[in-house]
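Enquirer:
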Amino acid sequence: MTLIIAVDGPAASGKGTIAARLAQTYGLPHLDTGLLYRAVGYAAAQHNPPFDEGYATMFAERSIPETLDNPGYRTGEAGEAASRVAAMPGVRSGLLKFQKDFAAKPGGAVLDGRDIGTVIAPDALAKLFVTASPEVRARRRWLQVRGQGSDIAFEDMLADIKRRDERDAGRGSAPMVQADDAVLLDTTDMGIEAAFDAARRIVEAARAKHGL
Ligand code: DC
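Here is the structure:
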């Protein structure tokens, strides 16, 4: 049995930071699957006509970039575009193999996203569903982007977060949902250190249960 850790949850819940730190702690490769959808969304937004499902599907099937470190993928617009293409079934199935192959790495892996525990790695040894109230998540994102020079109003950020939650949880294809066997980690009243400690305890409990 290998150590596969699935970290799911909504935007700005802390799941990305937690997943990256778990990967570091256990010496495992980490895939931020949101970046795959961001890469497709970014391309689909620039294509004419924008958000054409056929084009987005073809991009997902054939053009996943070797490097996902394009800073353009990290913007709020790319997140919004990602959420739109993520509702397209062809895009989801086009990205499936890449993610499943990553999860099947012989030494184990950490993946974070929305459907890791339910679709990509249903047999993961440890599953976390990281969440926080929409207000707290919006505030985290707002402070982050303001620090980068954005002047977006807090109310607009909160509306963005709620719209994304609705779209990600309401879509027909692999909606964002907590897996039955995932452990809920609510970080509303936690700083990142406390959240990471709690996450590590969840993983340690799963390892002990499976004798790993
Ligand atoms: O985690 P993120 O903000 O980078 O994700 C961007 C969008 O991609 C998110 O709104 C939903 C989608 N996504 C998804 O549908 N499934 C995943 N496994 C990861 C992300």
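Residue numbers for the sequence shown follow the working numbering, beginning at 771 and rising by one. We treat Cβ as the ideally placed atom computed from N, Cα and C, and that holds for glycine.
#1: Drop a sphere of 10 angstroms on the beta-carbon of Met-771, count the other beta-carbons inside from all chains shown, and report buried for 16 or more, exposed for fewer.
#2: Taking 9 Å as the CB-CB cut-off, is Val-810 touching chain D?
#3: Taking the alpha-carbon of Gly-786 as reference, which of Gly-864, Ala-896 and Thr-901 has the nearest alpha-carbon?
#4: So, for Met-927: in the same chain, excluding its five sequence neighbours on each side, which residues have a beta-carbon less than 7 Å away from its beta-carbon?
#5: Can you tell me whether DSSP reads Leu-913 as helix, strand or coil?
#6: Could you give the C-beta distance for Ile-775 and Ala-965, rounded to a whole number, given that I count them as a contact under 8 Å?
#7: Within this structure, are the beta carbons of Leu-806 and Leu-898 separated by less than 9 Å?
#8: Where in the stretch 783 to 847 do unbroken runs of the beta strand (DSSP E), each at least 3 residues long, occur, reported from the N-terminal end onward?
#9: Run the proximity test for Ala-969: is its beta-carbon closer than 8 Å to any non-hydrogen atom belonging to the ligand DC?
#10: Taking the beta strand (DSSP E) that Lys-897 belongs to, which residues open and close that run?
#11: Applying the 10 Å Cβ sphere with the 16-neighbour rule, what's the burial state of Asp-959?
#12: For Phe-868, which residues of its own chain have a beta-carbon under 6 Å away from its beta-carbon, when the five flanking residues on both sides are left out?
#13: How many whole angstroms separate the CB atoms of Ala-814 and Arg-934, which I take to be in contact at a CB cut-off of 8 Å?
#14: Measure the CB-CB distance between Val-915 and Leu-792 and report whether it falls below 9 Å.
#15: Looking at Tyr-796 and Val-889, is the spacing between their C-beta atoms short of 9 Å?
#16: According to DSSP, is Ile-886 part of a helix, a strand, or is it coil?
#17: When the Cα of Ile-962 is compared with those of Val-906, Arg-844 and Ala-978, which residue comes out closest?
#18: Return the chain-ordered list of same chain residues with a C-beta closer than 6 Å to the C-beta of Pro-945, the five sequence neighbours on each side being excluded.
#19: Identify every residue that forms a DSSP beta bridge with Leu-954.
#20: State yes or no: is the C-beta of Leu-805 nearer than 8 Å to some heavy atom of the ligand DC?
#21: For the beta strand (DSSP E) containing Asp-778, name the first residue and the last one.
#22: Taking 8 Å as the limit between beta carbons, can you name the residues of its chain near Asp-951, skipping five residues before and five after?
Expert: Well, looking at it:
#1: exposed
#2: This model lacks chain D altogether, as it is built from one protein chain only.
#3: Thr-901
#4: Ala-908, Arg-911 and Trp-912
#5: helix
#6: The Cβ separation is near 15 Å, so there is no contact.
#7: no
#8: 800 to 802
#9: no
#10: 896 to 901
#11: exposed
#12: Ile-834
#13: So it is not a contact: roughly 16 Å between Cβ atoms.
#14: no
#15: no
#16: helix
#17: Val-906
#18: Ala-939
#19: Phe-899
#20: yes
#21: 774 to 778
#22: Gly-887 and Lys-897
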